[in-house]
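Report on one structure; see the data block that follows.
In the working numbering, the protein residues as written are 235 to 557.
Dropping the structure here:
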């Protein structure tokens, strides 16, 4: 197997753990492979704009192995998770954009870890493609990059040599996925065991907390969102809401979808299911009691919708998160 070059980007505002962990995973692969085959599979380098990168308000300094000017060809670029304001953090690292695009055009693959998806989208490579990111930033991502299809329930999304992972520690699953792709399933299992990571975890739906997108300027829609969130247990219809805010149904539905990236029905469902999740976490009421409290009267419908949104049944969710 030909030795491959991996470039782990040393970004400003990076989550340093995602840099260190990515390096550790592929170094461990090298160690195991070398013990069996007397050679290494990967050349792993941390790539920066300069020779050093200071993070965490000066607490940490990363010694970069090389700068982008020194790397003319790489096989895999790993974009670490970033912190702070996502758009600003991407802009701080605009230096890397042309280099990433150039390498991708030369057949390099690019993997973004967690919120690193914002940086990947910032390059323009995700336009009209799919990706995932941390569920907490899903609304923000959709707002800034409406031409990217965000599948925020997935832990790993792959398309055209572009990889992305879900929230926080989900990047471990992407790293294992890449080990399996570049080496073998056997090595992915070995690495998973070594780092004690659950292999093949593919969805992050049980961890998502719904928080409707409100970073928009449509005042009627904002009022409708507030009304739904305060009255979700009541009978709410689209016609009633349209009349309440003095809009035709068609106009109201169009504006609501444009502003929130959800239909009115989807929004109501997600608000109700989020309320049921909180009640299940407390654990004092039965599933049927909670179902009625949040505005549902058909047990099968409630259970099917709950599992569709969360990936778990109400009972499974309660067992997992009950205080």
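Every residue, glycine too, gets a C-beta built ideally from N, C-alpha and C.
Give the C-beta separation of residue 364 and residue 385 to the nearest angstrom, bearing in mind that I take them to be a contact with Cβ-Cβ under 8 Å.
6 Å
Starting from the C-beta of residue 231, find all residues in its chain whose C-beta is less than 7 Å away, skip the five residues before and the five after it, and write them out in chain order.
Within the shown structure, residues of the chain are numbered from 235 to 557, placing residue 231 beyond reach of any answer.
Could you check what DSSP says for residue 350 in three-state terms: helix, strand or coil?
Looking at residue 350 - three-state DSSP - the assignment turns out to be helix.
Through-space distance from residue 504 to residue 413, alpha-carbon basis
36 Å
Proximal residues to residue 519 (C-beta, below 8 Å), its chain only, five neighbours per side dropped:
513, 527
CA nearest to the CA of residue 285, picked from 329, 299, 410:
Nearest neighbour of residue 285 by Cα position, chosen from 329, 299, 410, turns out to be 299.
What is the DSSP secondary structure of residue 469, reduced to helix, strand or coil?
coil
Going by beta-carbon coordinates alone, are residue 316 and residue 249 separated by less than 8 Å?
It is a contact, given that the beta carbons lie within the stated cut-off.
For the stretch 406 to 422 and the stretch 376 to 383, state whether three or more C-beta atom pairs, one from each stretch, are separated by less than 8 Å.
no
Using beta-carbon positions only, say whether residue 252 and residue 348 come within less than 8 Å of one another.
yes
Count the other CB atoms within 10 Å of the CB of residue 394; is the residue buried (16 or more) or exposed (fewer)?
Counting C-beta atoms within 10 angstroms of its own C-beta, residue 394 has fewer than 16 neighbours from the protein chains shown and is therefore classed as exposed.
Residue 370 versus residue 473 - alpha carbon distance
31 Å
Alpha carbon of residue 238 to alpha carbon of residue 320, nearest angstrom:
30 Å
How about residue 368 and residue 402: do their beta carbons lie closer than 8 Å?
In this structure, residue 368 sits near residue 402, with a CB-CB distance shorter than 8 Å.
Burial state of residue 507 (16 or more Cβ within 10 Å)
buried
Return the CA-CA distance between residue 323 and residue 399, expressed in angstroms with no decimal places.
18 Å
Which partner residues does residue 383 have in the DSSP bridge list?
364
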